[in-house]
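Enquirer: Numbering (our numbering), first residue to last: 106 to 680. Where a beta carbon is used, it is the ideal one built from N, C-alpha and C, also for glycine. The structure presented is a predicted model; accordingly, all values stated were derived computationally and were not measured. Provided herewith is a single structure, encoded as structure tokens, for subsequent inquiry.
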């Protein structure tokens, strides 16, 4: 019987009787055949289109040998750093090496290089010089234009150029990767693939289309922080454009061209993707190497929708998945639950039912204007009048899942937007009575108005109202449950005085915070632009920034659990 997993070794190829693969996907994560892992989705989507796909997972990048393991692909190499930016995966906000890696067997750290996308692409080129290289995943997507790199303290070029790749797929890549495969299979060469939506390509100035959007060049944004801020704002305002106008950023004699985003997947298209034959297991290659920790919390979780319209300044989810909510049908979600019942370790518990924000399932713009809207957030500074924020789809979904035979409990663990939830008490009662596992994650982030404004988050008043409702409804249901707040230190605009105010706020409520997240400037976010430029790109107003290790340490220490020692590493350029 053939393995349901894609080939990872020459023996796997022989077992299938294949002499060549169409596509080889190189990834910085261990390969897990689960729809929460982007590499698995791309593999399954390409397989469904009839392509032979193999995987080289966490190759030894110190030589070219692993990159030749499966031979020469007929169409292209797909390269991804994995589910996270490799630098975020490796380093904390204090530039200390992390101790483990949830996406590696046994949680072992060090199985991928720094800047994995660039390193892997260069090795692929060394292995087979003329095979096209297609970049994808979070690292490539959020570094597709000139970007501030916290780990080197500099503005870097588009990763497309540094990786010397042929094309970069940004965002959720199912539609563009299939078009790339089809056109290469039809005989087009990689240098002809200049017009595929949700891709970034390099062009010569003479090749540029007459109609285009130009933002400040790499040279300008690298030399001038104001130009960097202006480029960030310009890109943010057109990131969700649907017209075919490309965005251009010049890099010396080369032009990096970001084609417009692909149309969002329809419900029917999403349903087809999540109906693909995922085994929800790690590849058997890892049976003797230890479990993949990232699989454990999501194995029996369900993605109900994609996209986020919250527009939080520090969050990359909306930048990667898009601002428009794309929801699966309830029938598709229930069918996925039925597939769980065939697995011997399913005990009737669904770990998480949700998406980037759990309670935006089924929400949409009333007039379809979101596709052309330049507003960065549908919720900030106030709820957009065009947003249909009804929780009726979420309520129906939760009730249908709860009524499914064999489901003992379905938790909502992916985070709830509390200001939205307050709009519907019926939803709140459903959630709090039936779908909280003792603790509910909420992200107030801070309490100071000027900090929350920079974060594009609601005021603390809505958080306090949510706490009151949560306590009352939990008591009504006879349940002892708690809210777990996510809090951030050192965000641009946040001073030591602001952190002291947050500490005092928590003390008055007798809360002992167990976790504090230091702001980590990740590529392409609005908050990262504030950190680098020292101003708010949307308004031009100056913003205080805690830059030194000592400043960050003092802020975090105010909320650190008692007795916990924090020792930052002095920042130094990362290679």
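Can you look up residue 269 in the DSSP assignment and give me helix, strand or coil?
Expert: Counted from its first residue, the chain shown places residue 269 at position 164. If DSSP states are grouped into helix, strand and coil, residue 269 belongs with coil.
Enquirer: Using C-beta distances below 6 Å, list every residue in its chain close to residue 684, excluding the 5 sequence neighbours before and after it, in chain order.
Expert: Any answer about residue 684 is impossible in this case: the structure gives the chain only from 106 up to 680.
Enquirer: Between which residues of its own chain and residue 385 is the CB-CB distance below 6 Å, once the five residues before and five after are set aside?
Expert: By one-based count along the chain shown, residue 385 stands at place 280. So the qualifying residues of the chain are 139 and 404.
Enquirer: For residue 172, which beta-bridge partners are listed by DSSP?
Expert: Counted from its first residue, the chain shown places residue 172 at position 67. Its beta-bridge partners do not exist; DSSP assigns none.
Enquirer: Determine the DSSP secondary structure at residue 397, reduced to helix, strand or coil.
Expert: Numbered from 1 along the chain shown, position 292 holds the residue referred to as residue 397. Three-state DSSP puts residue 397 in coil, outside helix and strand.
Enquirer: Tell me which same chain residues have a C-beta within less than 8 Å of the C-beta of residue 213, skipping the five on either side of it?
Expert: By one-based count along the chain shown, residue 213 stands at place 108. Excluding positions up to five away in sequence, the list reads 205, 206 and 395.
Enquirer: How big is the Cα-Cα spacing for residue 653 and residue 200?
Expert: Locating residue 653 in the chain shown gives position 548, where the first residue counts as 1. Locating residue 200 in the chain shown gives position 95, where the first residue counts as 1. Distance between the alpha carbons of residue 653 and residue 200 is about 11 Å.
Enquirer: Looking at C-alpha atoms only, which residue of 130, 109, 579 and 284 is the closest neighbour of residue 120?
Expert: If you number the chain shown from 1, residue 120 lands on position 15. Nearest option by C-alpha distance: 109.
Enquirer: Which residues mark the beginning and the end of the beta strand (DSSP E) in which residue 363 is found?
Expert: Residue numbering aside, residue 363 sits at position 258 when the chain shown is read from its first letter. Segment 359-363, the beta strand (DSSP E) holding residue 363.
Enquirer: Name the DSSP bridge partner or partners of residue 455?
Expert: Your numbering for residue 455 matches position 350 in the chain shown. Beta-bridge pairing links residue 455 to 515.
Enquirer: Would you call the CB atoms of residue 250 and residue 340 closer than 8 Å?
Expert: As a working mapping, residue 250 is identified with position 145 in the chain shown. As a working mapping, residue 340 is identified with position 235 in the chain shown. Contact: yes.
Enquirer: In angstroms with no decimal places, state the Cα-to-Cα distance between residue 660 and residue 651.
Expert: Taking the chain shown and counting its residues from 1, one reaches residue 660 at position 555. Taking the chain shown and counting its residues from 1, one reaches residue 651 at position 546. Their backbone Cα atoms lie some 9 Å apart in a straight line.
Enquirer: Compare the C-alpha of residue 512 against each of 441, 543, 209 and 531 and name the closest.
Expert: Translated into positions along the chain shown, residue 512 becomes position 407. Closest option to residue 512, Cα to Cα, is 441.
Enquirer: Can you grab the Cα-Cα spacing for the pair residue 432 / residue 486, in whole Å?
Expert: Within the chain shown, numbered from 1, the residue matching residue 432 stands at position 327. Within the chain shown, numbered from 1, the residue matching residue 486 stands at position 381. Approximately 25 Å between the Cα atoms of the pair.
Enquirer: Can you give me the start and stop residues for the beta strand (DSSP E) that residue 132 sits inside?
Expert: Here residue 132 refers to the residue found at position 27 of the chain shown. First-last of the beta strand (DSSP E) with residue 132: 128-132.
Enquirer: I'd like the list of long-range same chain contacts for residue 226, defined as Cβ closer than 7 Å, with 5 residues on each side in sequence excluded.
Expert: What you label residue 226 is simply residue 121 of the chain shown in a count that begins at 1. So the list reads 184, 238, 240, 268, 269 and 270, once near-sequence residues are dropped.
Enquirer: State the Cα-Cα distance for the pair residue 134 and residue 581, rounded to the nearest angstrom.
Expert: Translated into the one-based positions of the chain shown, residue 134 becomes position 29. Translated into the one-based positions of the chain shown, residue 581 becomes position 476. One C-alpha to the other measures close to 45 Å.
Enquirer: Secondary structure at residue 587, three-state DSSP: helix, strand or coil?
Expert: Numbered from its first residue, the chain shown carries residue 587 at position 482. Reduced to three states, the DSSP call for residue 587 is strand.
Enquirer: For residue 655, is the classification buried or exposed, using 16 other Cβ atoms within 10 angstroms of its Cβ as the cut-off for buried?
Expert: In the chain shown, the residue the question calls residue 655 occupies position 550. By the neighbour-count rule (16 or more Cβ atoms within 10 Å), residue 655 is not buried but exposed.
Enquirer: Using the three-state DSSP reduction, which class does residue 594 fall into: helix, strand or coil?
Expert: By one-based count along the chain shown, residue 594 stands at place 489. Strand.
Enquirer: Since residue 436 is in the alpha helix (DSSP H), which residue starts that stretch and which ends it?
Expert: Taking the chain shown and counting its residues from 1, the one referred to as residue 436 is at position 331. Here the alpha helix (DSSP H) through residue 436 covers 435-445.
Enquirer: Would you list the one or two residues that DSSP bridges to residue 432?
Expert: The residue you call residue 432 lines up with position 327 of the chain shown. DSSP output for residue 432 lists 410 as bridge partner(s).
Enquirer: If we ignore side chains and look at the alpha-carbon of each, how far apart do residue 216 and residue 164 end up?
Expert: Along the chain shown, read from residue 1 onward, the residue named residue 216 stands at position 111. Along the chain shown, read from residue 1 onward, the residue named residue 164 stands at position 59. Those two C-alpha atoms are separated by around 8 Å.
Enquirer: Which residues mark the beginning and the end of the alpha helix (DSSP H) in which residue 249 is found?
Expert: Within the chain shown, numbered from 1, the residue matching residue 249 stands at position 144. Taken as a continuous stretch (DSSP letters only), residue 249 belongs to no alpha helix (DSSP H), as it is neither H nor E.
Enquirer: Could you check what DSSP says for residue 670 in three-state terms: helix, strand or coil?
Expert: Locating residue 670 in the chain shown gives position 565, counting from the first residue. Note that residue 670 has pLDDT 43, beneath the 50 cutoff, so the model's placement of it is unreliable and no number is given.
Enquirer: Output the residue ranges of the alpha helix (DSSP H) runs that lie fully inside the segment 301-377 and measure 4 residues or longer, sorted by chain position.
Expert: List check, alpha helix (DSSP H) in window: 323-328 and 330-343.
Enquirer: May I have the straight-line CA-CA distance separating residue 111 from residue 381, to the nearest angstrom?
Expert: Looking up residue 111 in the chain shown gives position 6. Looking up residue 381 in the chain shown gives position 276. Whole-angstrom Cα-Cα distance: 13 Å.
Enquirer: Shortest alpha-carbon distance to residue 274 belongs to which of 571, 297, 256 and 247?
Expert: Position 169 of the chain shown, counted from the first residue, corresponds to residue 274. With distances taken between Cα atoms, residue 274 lies closest to 247.
Enquirer: State the start and end residues of the unbroken alpha helix (DSSP H) segment that holds residue 581.
Expert: Translated into positions along the chain shown, residue 581 becomes position 476. Element bounds for residue 581: 565-581.
Enquirer: Excluding sequence positions up to five away, which residues of its chain have a Cβ less than 6 Å from the Cβ of residue 631?
Expert: Here the question's residue 631 lines up with position 526 in the chain shown. Only 418 meet the Cβ criterion.
Enquirer: Apart from the five residues on each side of it in sequence, which residues of its chain come closer than 7 Å, Cβ to Cβ, to residue 600?
Expert: Against the chain shown, residue 600 aligns to sequence position 495. 649.
Enquirer: Taking the alpha carbon of residue 427 as the reference point, which residue from 320, 460, 574 and 307 has its own alpha carbon closest?
Expert: Position 322 of the chain shown, counted from the start, is the residue given in the question as residue 427. For the residues 320, 460, 574 and 307, the minimum Cα distance to residue 427 belongs to 460.
Enquirer: Are the beta-carbon atoms belonging to residue 198 and residue 658 less than 8 Å from one another?
Expert: Counted from its first residue, the chain shown places residue 198 at position 93. Counted from its first residue, the chain shown places residue 658 at position 553. Not closer than 8 Å, so no.
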